[in-house]
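For reference, each letter of the sequence shown is one residue, going -12 to 756 in my numbering. Note that beta-carbon positions come from the ideal geometry of N, C-alpha and C, so glycine has one too. First up is the structure itself, then whatever we jot down about it.
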Amino acid sequence: MGSPQFVGPLFTPVDQTNPYRPPPALFGPWVRHPKPPINIEIDTVEGRSKPIGTNKWYTQLVLSPSGTDPVYVLPYALAFLNGSSVLSQHEGASSLVGMGISHSAPSSRIFGPTTGGEANGNSKFYYNPLAISFCLGAAEFNQSNVACSLSHWSELTARLKIFSRESSSSSSDISILICRGQAFLTCIYTGLSPTIRSACEVLSLECLNEGSEQFLHGFRKHRIKLGDRSTWLLYSKPVLPRTSFHIELKVIDRNQISHHHGPWSGIVQVVKMSEYYADQLGSDFHRFREESVYDRGVGVWVREATIRSGPIDSGTYYFDWFSEGPRARSEPPLIFALPHHIEAMQSHSGVLINPQIRLNSRATGDMRLCRGSTWCFKEDLQAVKLYGIEPVNVNNLNPKYDPSKLNLLGEVFIKEVDCDFDRECDLDSYYFSGKKLAKQALLCVIASSILRDEDLTLVCVSKTKESLLRFCQNRQKAPRLVYETTWKGIISSSMLVSGNENDDFGNGLYNDHHFHFAYFIHAASTLVYFDSGFLEEIREYIEYLIKDTNNAFEKDEFFPLFRNFDWFLGHSLATGLQTSLDGKNQESCSEDANFLYSLKLWGKATSNQALESLAELQLSILKRSANHYYYMKDSNTTIPAEFRRNRVPGILFENKADYTTFFSNEKDAIHMIQVIPVTPITPFLRDPEFVWQEWIDSGFKADRAGQVCNLATNLTNGYRTLLLCQYATIDPEFVWNFFEERISKGQQIPLDDGLSLSWALGFTLNQLG
């Protein structure tokens, strides 16, 4: 057995009494998923081995129809090229077959049209071209016989084997060792004739050490320059006793390099030089300095990696990289780190290479090269610990509320609580039902913590309990949740009945599970906070939703580890079993925060200290990454200037940032999706400086009416009311006066379906303090 994916006191089962128990009849009958994985051995799916992640960086390799859409290990994109896929095609040459690696410099980014048509304005999107820099293949492969198989998948590493279905030898293949952030793409050839092709023109091929390989640890080194101005190094070493001779590479045509001495077994490692290197081609000193880093690091690759937590409440965690290769005992691996990694590293863990070597990560800024077997990170958890069930004003932890304002809130509350809670929640969508449940739970919080009325609290809690019990007892209108054994998780059975993959936002394909289920977990946590005796009635239901989305127990054979949260990216991924050339994506960073916040509350409600501390760590990591990749202040240097003053992406893909949403191109929707829902955790995530800059200066500068401040005060829909609510984190007096004036004039205040006017007023009043 290899190294564990996760180890440490935070990574424990949510079910502390019977962690090995299979999903109960509540989620029955068990079913098989209609969209099974491909490119993987079936017994590793249906057997007792670890489940496959549905929302993970590697998932596209095992998704039908062919597993050929790229995976973004960063800084590179990798793709299995089968000769017929989109990325296998390129102009003026036959199709590519093998392992594709792609990287483009920041200067090659493609920017969309500017908002409002303003010259030098803010682009609607940007992405990176996906031209294949190199395809590492073999003369024995062709479009009709090539196949691949994924194994050893994990949070940070995986292995892919590419082979010919027609091969008479089962040992003839290319084994690709994949690692997040890898500097080298490492391919182990066994009994094949290497070919190297490119979608770019090959300008030059130089063999730099023929006959003196012994001075480079036995590796032969080639320098290859491509037509996109990039320079790559290719290192190769034969593996004895199968092969005793080195690769002999020659340029065959403008796109192809080939080895002409028959089947070969050995190591091939390729690495791209930085853009700074490209700008310094006339300087032997700069070129030598960068190449020497890779000359030293060659012959090492990461075999496995473990994410290790420090003690509970310490805020520390580690990436432990376990390497192998002919030089693994003498050299640690070379791996690129993202901006939020660098910022959180403990004294930079002594791993940063100087002078700096950087490569573009695609949509999340420049990555910086590190050399080390352990990365140590530290997050300060003191700030996040302030946030619980009740709203918090960090500037006044014991606010005194104005009686007249309380009276107004009380009048609004009485009207809103006088409705059929059960009917309001019993919808045919888990997402919208969950939003209603969480809205009701927040009404309970208002009654207790701000109005401080025990009778109203009791009424509200009692009604919300009935709403939640309908789901926990499978009496809801929405199609029941069922456990499926293929990908191993809990899905809405709606898709299984209708055949429509898009039912409930693709819940059946594992889309947005952390968004959907967070609202249920939040509501349940709130109810247990008010009535601990209610816990056992709902515990099983809620804890299986947590297992589905944030399972931290590696020995649980029924759910994958951390379905949604990506420990390398620092935020969750919402896309499930759907493919895209731009990779996985997440729309709402704020709903991601709501998910982690709900876990923190459940940990508190159930006295599960490990879960509470884990969620606090995840929230702190998310805050850091969000303020690099989602919330873009003027001082943000991670995001390109052409996109930065949009202030937010509507959708962040692994290869693209897009100023839109999946449901609307309107500006109020784009900004709202990074706010929803407004809860006690909202002020933690949204930096005051960012809130102000987004409020007064986003997008098309001359479009004053389209600024968030003007959209939010022109209340034509519930999206805008959410934008107004979040502004209360920095100017609650303005927001309160705005609401009060409209109410006094009898004007309607439109509300999102997960927001009550009572909560909008109560949250604002708490911030006013």
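Restricting to Cα atoms, I'd like to know which of D266, A465, T451 and Q565 is closest to D518.
T451
Taking the beta carbon of T41 as the centre, do at least 16 other beta carbons fall within 10 Å, making it buried, or is it exposed?
Note on T41: 16 or more other CB atoms within 10 angstroms of its CB, so buried under the neighbour-count rule.
Using the Cα positions of I533 and L586, report the straight-line distance between them to the nearest angstrom.
8 Å
Buried or exposed (CB count within 10 angstroms, at least 16 for buried), D740:
Around the CB of D740, fewer than 16 other CB atoms lie within 10 Å, so the residue is classed as exposed.
What residues are listed by DSSP as bridge partners for R314?
DSSP lists no partner for R314.
Rounded straight-line distance, which links the Cα of G87 to that of P52
18 Å
For a quick check, are the C-beta atoms of Y113 and F128 less than 8 Å apart?
no
Rounded to whole angstroms, what is the Cα-Cα separation between G(-5) and L195?
Cα to Cα, G(-5) sits roughly 46 Å from L195.
Can you give me the start and stop residues for the alpha helix (DSSP H) that R457 sits inside?
E441 to C459
Straight-line gap, N551 to L(-3) (C-alpha atoms, nearest Å)
Cα-Cα distance, rounded: 17 Å.
From the DSSP output, read off the bridge partner residues of F243.
Reading the sequence as shown, one finds Gln at residue 243 and not Phe. Answer is R184 and D240, bridged to Q243.
What is the DSSP secondary structure of I736, reduced to helix, strand or coil?
coil
What is the rounded straight-line gap between the Cα of E291 and the Cα of K464?
Rounded to whole angstroms, E291 to K464 spans 45 Å at the Cα level.
Looking only at C-alpha atoms, which of Y305, F545, N109 and Q76 sits nearest to F687?
Ranked by Cα distance from F687, the first of Y305, F545, N109 and Q76 is N109.
How far does the alpha helix (DSSP H) with I508 in it reach, from first residue to last?
H500 to F517
Is H248 buried or exposed, if buried means 16 or more other CB atoms sit within 10 Å of its CB?
The C-beta of H248 has fewer than 16 other C-beta atoms within 10 Å across all chains shown, which makes the residue exposed.
State whether the region 339 to 352 contacts the region 626 to 642, with contact taken as three or more CB pairs (one from each stretch) at a distance under 8 Å.
Under the Cβ criterion (8 Å, minimum of three pairs), the region 339 to 352 counts as touching the region 626 to 642.
With the cut-off set at 8 Å, would you say C576 and Y516 are in Cβ contact?
no
Taking the continuous beta strand (DSSP E) assigned at D535, which residues delimit it?
Not the beta strand (DSSP E): D535 falls in the alpha helix (DSSP H), residues L522 to N537.
What residues are listed by DSSP as bridge partners for R210?
E193 and L220
DSSP has N347 in a bridge; who is on the other side?
D353
Tell me the residue span of the alpha helix (DSSP H) that contains R283.
D271 to G284
Considering Cα atoms alone, identify which of E278, S158 and N380 is closest to T716.
N380
Could you tell me whether any Cβ in chain B is nearer than 8 Å to the Cβ of F726?
Within the model displayed, chain B is absent; a lone protein chain is all it includes.
Please work out which residues of its chain come closer than 8 Å, Cβ to Cβ, to G34, disregarding the five sequence neighbours upstream and downstream, and give them in chain order.
Its pLDDT being 48, under 50, G34 is placed unreliably in this model, and the coordinates cannot settle the point.
Would you identify the three-state DSSP class for D30, choosing helix, strand or coil?
The predicted position of D30 is uncertain, since its pLDDT is 47 and thus under 50; a value taken from the coordinates is nonetheless stated next. In the structure shown, D30 sits in a helix (DSSP, three-state: H, G or I).
Would you call the region 365 to 374 and the region 654 to 674 touching, i.e. three or more CB-CB distances under 8 Å?
yes
In whole angstroms, give me the CA-to-CA distance for E809 and V18.
Since the displayed the chain opens at -12 and closes at 756, residue 809 lies outside it and no answer follows.
Taking all protein chains shown into account, decide if I638 is buried (16 or more other Cβ within 10 angstroms of its Cβ) or exposed.
buried
Cutting at 7 Å between CB atoms, please list the residues of its own chain near A145, excluding the five before and the five after it.
Y45, L137, H139 and I165
Helix or strand or just coil, what does DSSP make of F408?
Collapsing the DSSP output to three states places F408 in a helix.
Flag this pair as yes or no: are the beta carbons of P778 and A425 separated by less than 8 Å?
Because the chain is modelled from -12 through 756, residue 778 falls outside the range shown and cannot be assessed.
Taking the CB atoms as reference points, tell me whether A580 and N498 lie closer together than 8 Å.
no
Nearest to R229 by CA position, among P298, R216, I254 and R241, is which residue?
I254
Tell me the rounded alpha-carbon separation between I344 and L568.
Spanning the two alpha carbons is a distance of roughly 27 Å.
Are S454 and Q427 touching if we call contact CB-CB under 8 Å?
yes
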